[in-house]
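These notes are about the structure you will find just below.
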Amino acid sequence: MNRSTRRQFLKSSGAVIATAIFPAWGCDGNEVRFKSMPTGPDMDVMDMDMEEMSVEEMADMLPLPPITSNARHYLQSINGKNYDPKIAANSWRLAVDGLVDQPLTGLTYADITALPMQRQVLTMQCIGNWIGGPLVGNAEWGGTPLSNVLDMAGIRSEAIRVKFYSDSSDGYTTSIPLERALRDEVILAWEMNGEPLPSKHGFPLRLINPGHYGQKMPKWITRIELIDEEYLGYWESKPENKPFKWSDEAVATVNSRIDAPLSVWDDVKDPANGGVSVVLQTLRGVEGSPFIIHGIAMAGERTVESVRVSTNGGRAWHEAQITTQRLPNIWVTWAYEWKLPASGEYEIVAWATDSEGDSQPRTDAGADLYDGRTGWHRVKVKVASRAG
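Quick look at the structure:
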């Protein structure tokens, strides 16, 4: 590859990355009108020999995935609006008991926050999120490994699971295997994006359990118990007042979402689209104009290997460009340049594959078990194009 080709590659890559984050269109209601596509930054300063770079090194040049602010990160609570606990740090206490050598009954906020701290970025998704839904966010969490606290109490050999109690109005509980609880990346977090954990996100303490849905990351923790039996918590045990039971494993798997064109939801349910109906958006512009279809994808503890995009309902597929670094437990952004076609209706579909070769299923089974909605995300649009 000669120098001019390298520069063109870098410029074109920059253009796609830029438009993936800042789409090249304006929106008026449900109508999208095209503007000129950005040409990308001049990246000649990155004067390097591409022949000497590995694929991995080239991937490292991509920006890190975007962080969701605390204010915009999704919230999900079984307490109902305005009924989440409001806990003062100076009065909160944490108990660690059950099958331990030395029960801890009065750990204070100061005790917990004095423990060795680590920070890690995690994309969290609600297990009940619908296909293409908004209940997902990417934040940096700060806290101490759960194992530090368990070691303080001393783990007895009979223990096989760790049970968490939440200070919520309904007595929320859940549990995870002890083997899982002892992993370094499973932390008790008191910080979110460099700030004290917001009340609605679980202040003063919540569990961060990478590779799993938010159901297995309880908030407002007041008690941790080591037990010698399997335990199904609030969601997993299927009380009579809920139509579904929820997966106890709750392992996050490969998933993707289309962010542009927008999914405009209405109140009419459509089982074929994950239970959510969409209002058709109209794209207007010169036929052949570029439109950047883009979105996010995630794969739990694996990484996203590829994202494919179809503009005809899944009959033909095109490789999208991954526009941020591929990292375990963190979403990627992706983009595909679509040339505005002739006027008509089109169905855009996204389909992701993870680093182990597992791909999203075409549709979800629809069984009475909530285990994450991972079917193809579909967005229908109207195109009203004109000659250039």
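Counting from 1, position 201 in the sequence shown corresponds to residue 200 in numbering that gives the first Met the number 0; the numbering is continuous, with no gaps. Using N, Cα and C, we set each Cβ at its ideal position, and we do this for glycine too.
Sheet register partners of residue i (DSSP bridge)
{"i": "I257", "result": "G294"}
{"i": "P144", "result": "I186"}
{"i": "F202", "result": "In the DSSP output, where bridge partners are listed per residue, F202 has none listed."}
{"i": "H317", "result": "V308"}
{"i": "K215", "result": "DSSP lists no partner for K215."}
{"i": "K85", "result": "According to DSSP, which records beta bridges pairwise, K85 is partnered with nothing at all."}
{"i": "A94", "result": "R222"}
{"i": "P62", "result": "The partner list for P62 (beta bridge, DSSP) is empty, contrary to what the question assumes."}
{"i": "S174", "result": "K162"}
{"i": "D245", "result": "Here residue 245 turns out to be Trp, not Asp, going by the sequence shown. Answer is Y369."}
Neighbourhood of residue i by C-beta, 6 Å cutoff - its chain only, sequence neighbours within 5 removed
{"i": "C26", "result": "Confidence in C26 is poor, its pLDDT being 28 and thus under 50, which makes the residue's placement unreliable; the coordinate value appears in the next sentence. Counting only Cβ-Cβ distances below 6 Å, and skipping sequence neighbours, we find nothing."}
{"i": "Q101", "result": "A152 and G153"}
{"i": "P260", "result": "Q280, V378 and V380"}
{"i": "Y108", "result": "A88, W91 and P203"}
{"i": "E56", "result": "A caution first: E56 carries a pLDDT of 49, below 50, which makes its placement in the model too unreliable to give a value."}
{"i": "L106", "result": "L93"}
{"i": "N254", "result": "M297 and T373"}
{"i": "S342", "result": "V382, A383 and S384"}
{"i": "I226", "result": "G97, R160 and K162"}
{"i": "T352", "result": "E304, S305 and S358"}
{"i": "L114", "result": "T143 and N147"}
For residue i, the nearest candidate out of the options (CA to CA)
{"i": "E346", "options": "I321, K379, E355 and K338", "result": "K379"}
{"i": "V382", "options": "I66, S90, L114 and W337", "result": "W337"}
{"i": "G387", "options": "N328, W333 and E286", "result": "E286"}
{"i": "T122", "options": "A319, I86, V303 and P84", "result": "V303"}
{"i": "G312", "options": "A349, P197 and S358", "result": "A349"}
{"i": "S236", "options": "E248, I226 and L225", "result": "E248"}
{"i": "L339", "options": "Y212, R222 and I291", "result": "I291"}
{"i": "I186", "options": "Q117, N69, H317 and E300", "result": "Q117"}
{"i": "A251", "options": "T221, L225 and R301", "result": "R301"}
{"i": "A180", "options": "D150, L134 and L196", "result": "D150"}
{"i": "P209", "options": "S76, P133, D110 and A298", "result": "A298"}
{"i": "P176", "options": "D353, A158 and G356", "result": "A158"}
{"i": "Q320", "options": "W189, N328, W333 and R314", "result": "W333"}
{"i": "G97", "options": "A113, E224 and G284", "result": "E224"}
{"i": "S354", "options": "H211, A296 and T143", "result": "A296"}
{"i": "Y212", "options": "E178, W245 and V148", "result": "W245"}
{"i": "G193", "options": "Y171, L134 and Q119", "result": "Q119"}
{"i": "G294", "options": "G170, P133, E184 and I126", "result": "P133"}
{"i": "T104", "options": "Y335, T221 and T322", "result": "T221"}
{"i": "P144", "options": "E228, S156, I111 and N328", "result": "I111"}
{"i": "E228", "options": "I257, I207, R71 and S156", "result": "S156"}
{"i": "I207", "options": "Q124, I257, V99 and R256", "result": "Q124"}
{"i": "I257", "options": "H376, E178 and V99", "result": "H376"}
Residue range of the alpha helix (DSSP H) that includes residue i
{"i": "L279", "result": "Run containing L279: none; DSSP gives neither H nor E here."}
{"i": "R179", "result": "L177 to A180"}
Cut-off 7 Å between Cβ atoms - residues of its own chain near residue i, not counting five sequence neighbours on either side
{"i": "T67", "result": "G136, N137 and A138"}
{"i": "K218", "result": "S165, H200, G201 and R205"}
{"i": "R372", "result": "N128, W129, I130, G273 and D363"}
{"i": "Y230", "result": "R160, K162 and S174"}
{"i": "G374", "result": "I130, G273, Q359, P360, R361, T362 and D363"}
{"i": "S198", "result": "D83 and K85"}
{"i": "M191", "result": "N69, A138, W140, P197 and H200"}
{"i": "R307", "result": "W316, H317, E318, A319 and W350"}
{"i": "Y369", "result": "I126, G127, F243, W245 and S246"}
{"i": "T310", "result": "W337, Y345 and I347"}
{"i": "E184", "result": "Q119 and P209"}
{"i": "Q75", "result": "C125, L134 and G213"}
beta-carbon residue i near the ligand SAH non-hydrogen atom, thresh 6 Å
{"i": "R301", "result": "The ligand content of the structure shown is nil, which means the ligand SAH is not present either."}
Unbroken beta strand (DSSP E) run spanning residue i, endpoints
{"i": "G343", "result": "G343 to D353"}
{"i": "H376", "result": "H376 to R385"}
{"i": "E224", "result": "I220 to I226"}
{"i": "K162", "result": "R160 to S165"}
{"i": "Q337", "result": "The amino acid at residue 337 is misidentified as Gln; the sequence shows Trp. Note, W337: beta strand (DSSP E), V331 to K338."}
Same chain, Cβ closer than 8 Å to residue i, neighbours up to 5 away in sequence not counted
{"i": "I329", "result": "P64, V120, L121, T122, N137 and M297"}
{"i": "K215", "result": "T173, I175, L206, N208 and A249"}
My parser needs the alpha helix (DSSP H) runs of 4 or more residues fully inside the segment 96-132; what are they? 108-112
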